[in-house]
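Numbering (UniProt numbering), first residue to last: 1 to 295.
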């Protein structure tokens, strides 16, 4: 597994180059050994993934004896699953307040609601007409693909979609169980851009440079960029953590001053001196009394 992780970027670069004319956007990659003894359930799983609407493409690495399954989700399937899991998509432009515009970033100019196919026309004005797959963010596409991967059965083949019709007592489904069984040795989302700091950096590169790197941790958190890339819940967590931590600064300063004052006035404090003398006399008396008894 460690060797795969080390060579992962090399394989992914190679895969991206091979698949440019075939797959528009690779959202997820599944990896298994070419000579795996669990080939039957792998084939069943891949077949059911295709039936459930994902586009799969197999690539082979002869040297490492690995098989890569490149997973992509069509735009219409994105909308179908988004409606099932109530994923929020932009529906209306927010009213622009000139006095407040400078405090908000550009991605805050849209209201989002759970997608509903009955009012699709309200969402369509935010779709990218030239390239529909770009209408949904990379983060949301990965979420939707993982939803299908987690709900697809592998014990037998199906000829009809069965993403949300799994029986309660059925445990033979999901990529997590296949990873635990050792059928697949890895499963990970495939991000498009490599992280390289340039003159004009993307949001992903900005997060890597100013949020993930430990030497930048003292800077203010880029909450709006975190929200755009990771979602509202993660952004709210870091916003609350930052707020909570900042409010602990004043009590910690007061506590330090009180502790320092106590150390400075320790020798002049009468109750402390009386208590110290009492314990000194008590232990000395007990010590010498014990010696005399032994003698």
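Where a beta carbon is used, it is the ideal one built from N, C-alpha and C, also for glycine.
- The beta carbon of residue 33 sits closer than 7 Å to the beta carbons of 65, 66, 185 from its chain, once the five residues preceding and following it are set aside; these are given in chain order.
- Closest by C-alpha distance to residue 235, out of 243, 245, 224, is 224.
- In this structure, 58 is the residue among 38, 41, 115, 58 with its C-alpha nearest to the C-alpha of residue 28.
- Taking all protein chains shown into account, residue 153 has 16 or more neighbouring C-beta atoms within 10 Å of its C-beta and is therefore buried.
- The criterion of a C-beta distance shorter than 8 Å is satisfied by residue 115 and residue 79.
- DSSP, reduced to helix, strand and coil, places residue 251 within a helical segment of the structure shown.
- Residue range 66-72 is occupied by the beta strand (DSSP E) that includes residue 72, with no alpha helix (DSSP H) assigned at that position.
- In the structure shown, the three-state DSSP call for residue 170 is coil.
- Taken through DSSP and simplified to helix, strand or coil, residue 185 comes out as coil.
- Taking C-beta atoms as the reference points, residue 77 and residue 53 count as a pair closer than 8 Å.
- Within the same chain, 112, 113, 114 come within 7 Å of residue 88 by CB-CB distance, once the 5 residues on both sides are set aside.
- Taking all protein chains in view, the Cβ of residue 229 is crowded by 16 or more other Cβ atoms within 10 Å, so the residue is classified as buried.
- Ranked by Cα distance from residue 161, the first of 122, 75, 61, 81 is 81.
- By the neighbour-count definition (other C-beta atoms within 10 Å, threshold 16), residue 183 is a buried residue.
- Taking 8 Å as the cut-off, the Cβ atoms of residue 62 and residue 30 do not count as close.
- In this structure, DSSP gives residue 59 an extended state, which the three-state scheme calls strand.
- When 35, 177, 263, 90 are compared, the shortest CA-CA separation from residue 120 is found for 90.
- Taking C-beta atoms as the reference points, residue 38 and residue 181 count as a pair closer than 8 Å.
- Given a length threshold of 4 residues, each whole run of the alpha helix (DSSP H) inside the region 118-143 is given here in chain order: 120-124.
- The Cβ atoms of residue 47 and residue 157 sit closer than 8 Å to each other.
- 68 is the residue among 130, 68, 244, 172 whose C-alpha sits nearest the C-alpha of residue 188.
- Here residue 87 carries a coil assignment [DSSP, helix/strand/coil].
- Between residue 226 and residue 238 a beta carbon distance of about 6 Å is seen, short of the 8 Å cut, so the two are scored as contacting.
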